[in-house]
Amino acid sequence: MILRLWPEHHNDTVLRNEFLQAMQAYPNTFEEVWLCAEFETLSMDVHRQSAASMAVAAQKIREIGVIPSVQAITLGHGDNFESGSEELIPTEWGAITDANGVVTRTGHCPRQPKYHEYLKEMYALYAERCQPDIVWLDDDLRVTHHWPARQLCFCDTCIRQFNDQYGRQWSRETLVQALDANDEKGVVRQQWIAFSQESLASVARTISRSVHRVSPKTRMGLQHANFHRELLEGRDWNPIFRAMKEETGLTPASRPGNGFYNDHAPREMVMKGYDMARQIRRLDPDIKEIAAEIEGYRHYASGKSPHGLCVESLFYLSMGATQLSYAIICSASEPMEWYADNYFKKLQEWRPFYEEYARFNEGTEPGGLDPYISPKQVIREKRPGDSSFGWTTTGANDPVLSLSFLGIPFCPDGNNPSALIMDAEAISGLNKEEAIFLFQHRGILLNAPAWKVAQQRRLDTLLTAIPAPEGLTHVSCFLSPGGGRTAVVPSYDPSISNTQRLNLLGIADWTTCHRIPAIMETAAQAVVVPRIDEGGKLRSVTLLNCSISDQPETQLRLRGCDPNKKQQFIWKKAGQPDVILRPRYDGSDAIIRIPTLEGWNIGWVAITAFTL
Numbered sequence: 104m105i106l107r108l109w110p111e112h113h114n115d116t117v118l119r120n121e122f123l124q125a126m127q128a129y130p131n132t133f134e135e136v137w138l139c140a141e142f143e144t145l146s147m148d149v150h151r152q153s154a155a156s157m158a159v160a161a162q163k164i165r166e167i168g169v170i171p172s173v174q175a176i177t178l179g180h181g182d183n184f185e186s187g188s189e190e191l192i193p194t195e196w197g198a199i200t201d202a203n204g205v206v207t208r209t210g211h212c213p214r215q216p217k218y219h220e221y222l223k224e225m226y227a228l229y230a231e232r233c234q235p236d237i238v239w240l241d242d243d244l245r246v247t248h249h250w251p252a253r254q255l256c257f258c259d260t261c262i263r264q265f266n267d268q269y270g271r272q273w274s275r276e277t278l279v280q281a282l283d284a285n286d287e288k289g290v291v292r293q294q295w296i297a298f299s300q301e302s303l304a305s306v307a308r309t310i311s312r313s314v315h316r317v318s319p320k321t322r323m324g325l326q327h328a329n330f331h332r333e334l335l336e337g338r339d340w341n342p343i344f345r346a347m348k349e350e351t352g353l354t355p356a357s358r359p360g361n362g363f364y365n366d367h368a369p370r371e372m373v374m375k376g377y378d379m380a381r382q383i384r385r386l387d388p389d390i391k392e393i394a395a396e397i398e399g400y401r402h403y404a405s406g407k408s409p410h411g412l413c414v415e416s417l418f419y420l421s422m423g424a425t426q427l428s429y430a431i432i433c434s435a436s437e438p439m440e441w442y443a444d445n446y447f448k449k450l451q452e453w454r455p456f457y458e459e460y461a462r463f464n465e466g467t468e469p470g471g472l473d474p475y476i477s478p479k480q481v482i483r484e485k486r487p488g489d490s491s492f493g494w495t496t497t498g499a500n501d502p503v504l505s506l507s508f509l510g511i512p513f514c515p516d517g518n519n520p521s522a523l524i525m526d527a528e529a530i531s532g533l534n535k536e537e538a539i540f541l542f543q544h545r546g547i548l549l550n551a552p553a554w555k556v557a558q559q560r561r562l563d564t565l566l567t568a569i570p571a572p573e574g575l576t577h578v579s580c581f582l583s584p585g586g587g588r589t590a591v592v593p594s595y596d597p598s599i600s601n602t603q604r605l606n607l608l609g610i611a612d613w614t615t616c617h618r619i620p621a622i623m624e625t626a627a628q629a630v631v632v633p634r635i636d637e638g639g640k641l642r643s644v645t646l647l648n649c650s651i652s653d654q655p656e657t658q659l660r661l662r663g664c665d666p667n668k669k670q671q672f673i674w675k676k677a678g679q680p681d682v683i684l685r686p687r688y689d690g691s692d693a694i695i696r697i698p699t700l701e702g703w704n705i706g707w708v709a710i711t712a713f714t715l
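Okay, so the sequence shown: first residue is 104 according to my numbering, each after it adds one.
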């Protein structure tokens with residue numbers, strides 16, 4: 104577990120000492136702390152002074168048995184970030200320019216040589232003084248959302264280098280036209296995305312090289328946000344991670360995240376969790392340190408509740424995170440004593456629960472239906488009514504995820520999904536070859552609008568209609584010669600009766616050939632997260648009660664268990680004794696009943712072999 108700080112925590116000696124006292128009052132809660140470099144200045148004098156104070160804080164943190172790391176910004180979040188300090192305006196290098204020619208005041212073009220010189224000096228300063236475990240680059244190292252710029256970077260320098268690299272002669276205006284028109288069947292778009300990703304990777308490369316020179320044992324880490332909706336970002340952040348590893352020889356770390364800054368609307372934590380699951384699945388497999396973001400900006404007592412933090416944390420572990428990073432005290436908006444006696448205390452109580460879950464589920468990932476988004480979504484054709492660059496964003500499958508509150512398990516970008524589920528936007532983003540393959544060979548659940556797009560693309564001609572399986576209603580079912588199963592339901596409405604919910608689960612299960620790992624058979628508002636290994640064997644099931652009422656006994660039907668029935672099912676809940684559940688069997692399916700789970704609480708079932 105990791106705690107993130109801001110510069111005041113090392114610059115202000117009173118606040119620093121209060122923080123150290125709080126850490127000692129609740130020992131063994133956080134094993135790592137991220138000290139924060141100055142983020143509202145380009146002045147090296149200010150950085151030098153701050154680095155000296157940070158070095159003192161780093162040593163004091165080590166003395167209490169905690170590991171210090173460092174985080175710092177790169178390109179800048181936008182002109183509206185924090186105070187918008189005049190000290191952030193570059194005078195020796197160019198700023199970010201977007202496709203419309205909008206120029207930022209405080210955002211840095213990633214291909215400016217003098218900017219790279221600044222990064223080398225600034226990052227080396229903090230790394231040399233502090234010798235941190237990891238240097239974390241902030242999630243401003245991104246292509247989109249550097250307000251007022253919508254995306255980077257269409258400045259003269261970047262256009263010239265892009266032309267040189269690909270033998271082109273674009274101006275900003277003609278390049279934008281070519282990207283909008285999807286010239287050369289997507290080639291220009293793919294080239295521009297690769298170029299933009301390398302722009303970011305070059306920043307990471309410069310910083311990594313500089314850090315490694317002065318602190319050779321320090322690893323690099325990237326904080327990345329959820330930009331699978333922002334298609335200009337590329338499909339993943341691996342060009343940055345690979346640059347980090349090439350420069351240091353050390354495997355970098357990941358911090359997925361984005362949003363959910365308070366728990367006033369707590370179901371949003373589930374949406375964020377599924378977004379992070381998609382990010383995690385897209386990481387290179389050698390990246391094992393994955394510290395989920397638990398963010399409480401602006402860190403008010405009225406924002407995140409202590410219990411909410413704890414539930415959120417386990418849910419993110421269930422999505423595939425292996426660590427937890429907390430931005431919950433950064434702005435020091437409340438007294439340190441309040442943070443400690445509320446946040447630290449509660450997290451200390453839950454920490455053993457997290458550790459056990461992470462150990463037990465190592466080598467597994469979420470199972471269920473994949474809300475599938477094509478890797479080629481970005482090269483879809485511009486549609487009538489699309490604005491310029493409308494193709495660069497997608498809300499594909501966002502409405503689908505609300506079905507998770509009905510107990511339908513999802514595994515975004517999962518390696519072993521039981522079937523796929525798509526909406527109209529996702530279907531429109533499939534390229535022709537991909538669409539044909541999926542409809543011929545995979546189980547697919549669609550709603551009526553998605554089916555309409557599939558028909559417009561003549562994908563229905565690959566399928567043969569069949570009668571609905573016995574017991575299922577309000578569904579059209581189809582088979583393909585290649586073994587694919589497609590089911591079409593009227594809508595993805597999450598506000599339905601329990602009879603309708605069970606019918607929808609049955610339809611989804613039919614598309615999987617009855618392989619959904621966990622089915623909630625009791626009426627409930629709950630999220631179900633099965634974890635499966637590479638062979639599809641079920642290791643655990645997490646249950647999140649996402650209502651404000653207690654959930655009475657909940658019946659789960661489990662697949663992928665030991666066919667010889669030599670296993671135990673153990674219910675685990677924070678601060679409570681384990682409960683051994685007695686299964687009954689329906690063929691190879693195991694049926695268990697979960698004890699009462701309080702409103703907005705979470706627990707999990709460990710599935711273990713019998714011990715003699």
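Here a beta-carbon is modelled for each residue, glycine too, at the ideal position from N, C-alpha and C.
Assuming residue i and residue j make a contact with CB atoms under 8 Å, what is their CB distance in whole Å?
{"i": "V373", "j": "C649", "result": "7 Å"}
{"i": "L450", "j": "L509", "result": "Contact doesn't hold; Cβ gap of about 30 Å is too wide."}
{"i": "A252", "j": "V317", "result": "The Cβ separation is near 32 Å, so there is no contact."}
{"i": "H211", "j": "W196", "result": "7 Å"}
{"i": "P515", "j": "Y377", "result": "5 Å"}
{"i": "Y419", "j": "L506", "result": "Going by Cβ atoms, the distance from Y419 to L506 rounds to 20 Å, so no, they are not a contact pair."}
Expressed to the nearest angstrom, what Euclidean distance is found between the alpha-carbon atoms of residue i and residue j?
{"i": "A553", "j": "E452", "result": "46 Å"}
{"i": "P597", "j": "E143", "result": "44 Å"}
{"i": "L278", "j": "E336", "result": "17 Å"}
{"i": "S434", "j": "L118", "result": "11 Å"}
{"i": "L659", "j": "T589", "result": "25 Å"}
{"i": "P355", "j": "S156", "result": "26 Å"}
{"i": "G360", "j": "M422", "result": "12 Å"}
{"i": "P686", "j": "F463", "result": "20 Å"}
{"i": "F330", "j": "I476", "result": "13 Å"}
{"i": "I694", "j": "S643", "result": "14 Å"}
{"i": "F363", "j": "R271", "result": "42 Å"}
{"i": "V149", "j": "N203", "result": "35 Å"}
{"i": "L582", "j": "L244", "result": "45 Å"}
{"i": "L715", "j": "I539", "result": "Here the model assigns L715 a pLDDT of 39, short of 50, so the residue's position is not dependable and the matter cannot be decided."}
{"i": "F122", "j": "A230", "result": "22 Å"}
{"i": "S186", "j": "T209", "result": "12 Å"}
{"i": "F492", "j": "K479", "result": "16 Å"}
{"i": "F456", "j": "D283", "result": "50 Å"}
{"i": "N667", "j": "N601", "result": "32 Å"}
{"i": "E701", "j": "D653", "result": "4 Å"}
Does the distance from the C-beta atom of residue i to that of residue j stay below 8 Å?
{"i": "G517", "j": "R618", "result": "no"}
{"i": "I610", "j": "V592", "result": "yes"}
{"i": "P213", "j": "L145", "result": "no"}
{"i": "I397", "j": "S416", "result": "yes"}
{"i": "D366", "j": "S405", "result": "no"}
{"i": "C616", "j": "L641", "result": "no"}
{"i": "N606", "j": "H577", "result": "yes"}
{"i": "A751", "j": "S153", "result": "As displayed, the chain neither begins before 104 nor continues past 715, which places residue 751 out of reach and without an answer."}
{"i": "T497", "j": "G470", "result": "no"}
{"i": "T614", "j": "V632", "result": "no"}
{"i": "D259", "j": "T321", "result": "no"}
{"i": "A395", "j": "L353", "result": "no"}
{"i": "R275", "j": "F257", "result": "yes"}
{"i": "G399", "j": "A430", "result": "yes"}
{"i": "R350", "j": "R381", "result": "Per the sequence shown, residue 350 should be read as Glu rather than Arg. No, the pair does not count as a contact, with Cβ atoms beyond the cut-off."}
What span of residues does the beta strand (DSSP E) with residue i cover, start to end?
{"i": "I237", "result": "237–240"}
{"i": "P93", "result": "The chain is shown only over 104 to 715; residue 93 falls outside these bounds and no answer can be derived."}
{"i": "M126", "result": "Taken as a continuous stretch (DSSP letters only), M126 belongs to no beta strand (DSSP E), being part of the alpha helix (DSSP H) at 116–128."}
{"i": "M623", "result": "621–623"}
{"i": "A626", "result": "Where A626 is concerned, there is no enclosing beta strand (DSSP E), given that its DSSP letter is neither H nor E."}
{"i": "E135", "result": "135–139"}
On the DSSP letters alone, give me the boundaries of the alpha helix (DSSP H) that residue i sits inside.
{"i": "Q558", "result": "551–559"}
{"i": "E149", "result": "One detail in the question is off: residue 149 reads as Val in this sequence, not Glu. Element bounds for V149: 147–166."}
Does any heavy atom of the ligand NAP sit closer than 7 Å to the C-beta of residue i?
{"i": "D242", "result": "The ligand NAP is absent from the structure shown, which contains no ligand whatsoever."}
What are the start and end residues of each continuous beta strand (DSSP E) run of 3 or more residues lying completely inside the stretch 308–378, in chain order?
-> 322–328, 356–360
Runs of alpha helix (DSSP H) wholly within the stretch 243–307 (minimum 4 residues, chain order) | 259–269, 275–284
Segments of 3+ residues assigned as beta strand (DSSP E) that fall wholly inside the stretch 191–216 | 198–200, 206–211
Considering only residues of the stretch 384–435, which uninterrupted beta strand (DSSP E) runs meet the minimum length of 3 residues and lie entirely inside it, listed in chain order?
-> 394–398, 426–430
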